[in-house]
């Protein structure tokens with residue numbers, strides 16, 4: 001594989017990841033989706049006031065949008081990649097809670113092990129596109 005081919009592949013994967021994060025981030029501001037995501041926050045992490053579940057959903061949506069955009073900007077690419085990997089770890093408890101309560105969340109609740117493996121693969125891809133030039 002030539003360097004030019006690898007550069008094209010990295011660019012395509014980087015753009016795809018960025019689009020997914022930006023799209024999912026925007027989805028956090030759709031009222032019905034935001035309410036479902038707020039319910040996915042485990043009870044032990046629920047707070048009142050500024051850190052209430054719906055505000056956390058909005059905040060994570062903003063983080064996804066910012067991270068996706070950051071991957072596309074060479075000057076912020078590495079920082080965005082690191083932040084997105086930290087983000088994936090931070091939101092994993094909500095995904096695990098949803099997986100454990102599949103009857104409540106339905107198709108949104110991806111089973112635990114596939115979700116964990118998927119997030120590890122996604123984190124590796126994010127780091128790859130974050131460090132590649």
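In the UniProt record's numbering, the protein residues as written are 1 to 133. Note that beta-carbon positions come from the ideal geometry of N, C-alpha and C, so glycine has one too.
Could you check which residue in the options has the C-alpha nearest to that of residue i?
i	options	result
residue 66	55, 39, 79, 54	79
residue 33	1, 14, 15, 60	60
residue 23	68, 131, 121, 43	68
residue 128	2, 6, 1	6
residue 89	71, 103, 124	124
residue 16	58, 76, 51, 72	72
residue 130	120, 75, 101	75
What is the DSSP secondary structure of residue i, reduced to helix, strand or coil?
i	result
residue 108	helix
residue 1	coil
residue 65	helix
residue 117	helix
residue 132	coil
Among residues of its own chain, excluding the 5 on either side of residue i, which ones have a beta-carbon nearer than 6 Å to its beta-carbon?
i	result
residue 95	115
residue 27	33
Residues in the same chain with beta-carbon distance under 7 Å from residue i, minus the five sequence neighbours each way, listed in chain order, please.
i	result
residue 41	53, 56, 94
residue 43	none
Going by beta carbon distance, what residues of the same chain come within less than 8 Å of residue i, once the five residues before and after it are set aside?
i	result
residue 85	123, 126, 127
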